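Heads up: the structure comes next, in C-alpha cells.
Residue numbers (my numbering), protein chains in the order written: chain A, 2 to 114; chain B, 75 to 189.
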C-alpha cells in the first residue's frame with residue numbers, strides 16, 4: 002500500500018529565508034508525486050508534480066521539489082519565502098491505475114516579517 | 075471561468091436531515107472525485123467516477139450516495155446526517171491521459187456543519 006509521511010506538522014520561517022517542507026513516501030510501484038497548497042478557507046491548488054520524467058521538478062510561485070528514489074523523498078523547497086506563501090501544504094502520492102490520491106497529513110507553513 | 079465549482083459553499087443542517095452537494099467541472103475531464111477533509115485537515119478520497127461509472131468506492135457509510143448524471147457533474151447526497159459528517163467536502167476532476175493521468179483539479183470545497 003502507498004503512504005505519505007510529512008515530517009513536520011508546522012514550519013515557521015522569516016520572509017526572505019529558504020523554505021524546506023519534508024516528505025517521504027512509500028510505494029510498491031513507480032509513483033507519481035504531487036505537492037498541493039491550501040490557503041486558509043480555500044480549495045487545493047497544484048504546486049507541482051513528478052511523473053517519472055525529470056527528478057527535479059519546478060512548480061508555480063518559485064517552488065521546486067526533488068524526487069530521490071534512494072531516499073524515498075520528495076521534499077519541497079523555495080529559495081526565498083514570501084508572506085503570501087503562508088498556507089497548508091500537502092504531499093500526495095498516487096495509487097497506480099486508479100487515479101487515487103493518498104494525502105499526507107499536511108504541513109502548516111508560517112511566514113514572519 | 076471557474077474550472078471546478080461546488081454548491082453550496084456552506085451548509086448548516088440538523089442531525090437526521092438529508093442534503094446534497096453539487097459539483098460541476100468545465101474542463102472536459104472524464105473522471106471526478108469526492109474527498110472529505112476532517113477537522114485536522116486530513117484529506118481522504120471517498121468516491122471516483124470515470125465517464126459516469128463508479129471506479130473508486132472507499133469505506134464510506136452507505137448513507138453517502140454519489141450520482142453522476144453526466145461526466146461534467148458529480149453530486150453527493152447524504153442521508154440521515156450525523157454529527158461526524160461535519161467536514162469540508164472537496165470535489166475534484168482529472169483527465170485519464172498518459173503523462174497527466176493523476177493530476178487532479180479541486181473545487182473550492184463545501185463546509186458542512188451538522189448540529
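For glycine and all other residues, C-beta sits at the position ideal for the given N, C-alpha and C. Since the structure is predicted, the reported quantities are computational estimates derived from the model, not experimental observations.
A Cβ-Cβ distance of about 6 angstroms is found for the pair residue 26(A) and residue 75(A), placing them in contact under the 8 angstroms criterion. Using a Cβ-Cβ cut-off of 7 angstroms, residue 178(B) is close to 102 of chain A, given in chain order. Looking at the DSSP output, residue 144(B) bridges to 147(B). If you check the CB distance, residue 14(A) and residue 94(A) do not come in under 8 angstroms.
According to the DSSP assignment, residue 96(A) belongs to the beta strand (DSSP E) that extends over 88 to 96. Fully contained in the region 37 to 90 of chain A are the following beta strand (DSSP E) runs of length 3 or more, in chain order: 45 to 51, 57 to 59, 65 to 69 and 74 to 79. With a beta-carbon spacing of about 5 angstroms, residue 123(B) and residue 106(B) fall inside the 8 angstroms limit used to define contacts.
At least one beta carbon of chain A lies nearer than 8 angstroms to the beta carbon of residue 122(B). Boundaries of the beta strand (DSSP E) harbouring residue 111(B): 105 to 111, taken from the DSSP string. Below 8 angstroms, too few C-beta pairs join the region 86 to 93 of chain A and the region 142 to 161 of chain B to call them touching: fewer than three. Burial is judged here by how many other beta carbons sit within 10 angstroms of a residue's own beta carbon; residue 110(A) has at least 16 and is buried. Think of a sphere of 7 angstroms around the beta carbon of residue 102(B): no beta carbon from chain A falls inside it, the nearest being about 16 angstroms out.
For the 8 angstroms CB-CB criterion, residue 155(B) and residue 134(B) do not form a contact.
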